[in-house]
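Note sheet for the following structure.
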């Protein structure tokens, strides 16, 4: 274990540190900037796609900050073991409660106790499904801590002790939580003020009003014999909005009957 200052992202050498490692630190985070802290066995997986495009630009501008807490230095013994065999037998390995607890304690330094202001989440296929409402709630918080699972999961006792919320990216299983973490952070970060530039973009896209997004078109006006719907070229904004709404409802009804039923129940 070393007590060195965190190095900037991009260096080839990686040393173990119990401090959160802030990534892409060329520009300090602005005061009050939203923060994501990731507890992971693979800190080198970040920022990954989060360092690209608009989220990457916002990261460099200090509009939000990304920190990783490497789970390995908290491991037990000479080999820094972080896992052990499951109690009661079974295949695979389970992340130890004491190891994860030490990492979560480090991740909690300087964060609000109120979970509404700073959610603490374990990325798990058995958790409630991540959705746009969750992304909005996280974006409205001060930041979020995400625990990336590996192997067969995490000792239940540490999840219960820290009242960790379990959230799933979808009804499938990944080898670890890092990909899910990037997807969820991206969904939250793009809702932060100034990240997208055009605030209207987040109001018009899928799930913003409980419906899937209407079809989009651009030049050329005719392609492979297919023409842009004439109403979109009419310049009549009222008719355009009416068409987009009708298309959003049609697509939601056909593709996501579950969302359509939720939408109808809210209208009643």
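Residue numbers (my numbering): 1 to 268. We put the beta carbon where it would ideally sit given N, CA and C, even for glycine. Given the structure is predicted, the values throughout are model-derived calculations rather than measurements.
Pull the bridge partners of residue i from the DSSP assignment, please.
i: residue 39; result: 69 and 147
i: residue 162; result: DSSP lists no partner for residue 162.
i: residue 105; result: Residue 105 is not bridged to any residue.
i: residue 168; result: 129
i: residue 95; result: 83 and 154
i: residue 76; result: 81
i: residue 22; result: 67
i: residue 138; result: Partner(s): none; residue 138 has no beta bridge.
i: residue 122; result: 147 and 166
Are residue i and residue j close, meaning C-beta to C-beta below 8 Å?
i: residue 180; j: residue 123; result: yes
i: residue 21; j: residue 143; result: no
i: residue 83; j: residue 66; result: no
i: residue 177; j: residue 149; result: yes
i: residue 182; j: residue 48; result: yes
i: residue 168; j: residue 126; result: yes
i: residue 103; j: residue 69; result: yes
i: residue 129; j: residue 170; result: yes
Cα-Cα, which of the options is closest to residue i?
i: residue 228; options: 235, 236 and 219; result: 219
i: residue 77; options: 234, 222, 216 and 99; result: 99
i: residue 155; options: 131, 256, 92 and 211; result: 92
i: residue 51; options: 174, 64, 30 and 109; result: 64
i: residue 32; options: 224, 110 and 126; result: 110
i: residue 252; options: 39, 210, 29 and 267; result: 210
i: residue 184; options: 42, 166, 250 and 197; result: 166
i: residue 257; options: 246, 224, 212 and 216; result: 212
i: residue 42; options: 226, 175, 267 and 216; result: 175
i: residue 231; options: 246, 225, 113 and 85; result: 246
So residue i and residue j are supposed to be a Cβ contact under 8 Å. How far apart are they, rounded?
i: residue 214; j: residue 244; result: 4 Å
Practice item. Decide if the stretch 180–188 is in contact with the stretch 119–137; the criterion is three or more beta carbon pairs, one per stretch, under 8 Å apart. Key: yes
Practice item. Report yes or no: do three or more beta-carbon pairs, one from the stretch 110–119 and one from the stretch 52–60, lie closer than 8 Å? Key: no
Review point. At a cut of 8 Å, does the stretch 154–173 reach the stretch 226–242 through at least three beta carbon pairs?
Key: no
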